[in-house]
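Colleague: FYI, numbering that gives the first Met the number 0 numbers position 82 of the sequence shown as 81, with every residue one higher than the one before it.
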Amino acid sequence: MKRGCKPIRRLLPAIALAAAACGVAAQDGARGQALYETHCLECHYERIHKRDASRSLVRDYKGLQAEVARRGELTKQRFTIADLNDIAEYLNRTHYRFPR
Ligand code: HEC
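1) Just to be sure I understand the criterion: a residue counts if its Cβ is closer than 7 Å to at least one heavy atom of ligand 1. Which residues meet that?
2) Along the chain, where does the alpha helix (DSSP H) that runs through Ile-108 open and close?
3) Smallest Cα separation from Gly-31: which of Tyr-95, Ile-86, Val-57?
4) Taking DSSP as the reference, what is the three-state secondary structure of His-94?
5) Could you pull the start and end residues of the alpha helix (DSSP H) that Ala-68 belongs to?
6) Can we say the region 85 to 99 touches the region 52 to 65, given the rule of at least three CB pairs closer than 8 Å?
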């Protein structure tokens, strides 16, 4: 092994653990929050997601993902699928709480 590799090798398990603990692997709610707050608040406050379920446009997790993708088209940002999934995850965790 080359000199200098050892400290990095020692750090890797810690990084992997931290990533797992923060839920980085699949959908990333924290990343979704940052994306949402940066790109989605020009038309509505986050309050819109708190309206009564009977008035909400979304009924389940799939519907939320579809709505997020549709709204993403309205922004100037080009979102990736991962971006949209993270935003949906964030909104679901904080507001909708649909089972998935
Ligand atoms: C161009 C304006 C605009 C932008 C930008 C926008 N939205 Fe909205 N969004 C709306 C309007 C208007 C409604 C409400 C429509 C209604 O009341 O029927 C809405 C409703 C929603 C709903 C449904 C709320 C509910 O429970 O009924 C979701 C989810 C949503 N937006 C997500 C997003 C996300 C995520 C972004 C950023 C990617 C975003 N929106 C950006 C205009 C916008």
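Glycine included, each C-beta is placed from N, C-alpha and C at the ideal position. None of these values were measured; they are calculated from a predicted model.
Modeller: So, from the listed chains and residues:
1) Tyr-35, His-38, Cys-39, Glu-41, Cys-42, His-43, Ile-47, His-48, Arg-50, Arg-54, Ser-55, Leu-56, Val-57, Leu-63, Glu-66, Val-67, Arg-70, Gly-71, Leu-73, Thr-74, Phe-78, Ile-86, Leu-90
2) In this structure the chain extends from 0 to 99, so residue 108 is not present and cannot be described.
3) One-based indexing of the sequence shown puts residue 31 at position 32. Minimum Cα-Cα distance from Gly-31 among the listed residues Tyr-95, Ile-86, Val-57 corresponds to Ile-86.
4) Mapped onto the sequence shown, residue 94 falls at position 95. His-94: helix per DSSP, three-state reduction.
5) Taking the first residue of the sequence shown as position 1, residue 68 is located at position 69. It spans 60 to 71 - the alpha helix (DSSP H) in which Ala-68 sits, taken as one unbroken run.
6) Contact holds between the region 85 to 99 and the region 52 to 65, because three or more Cβ pairs, one in each stretch, are under 8 Å apart.
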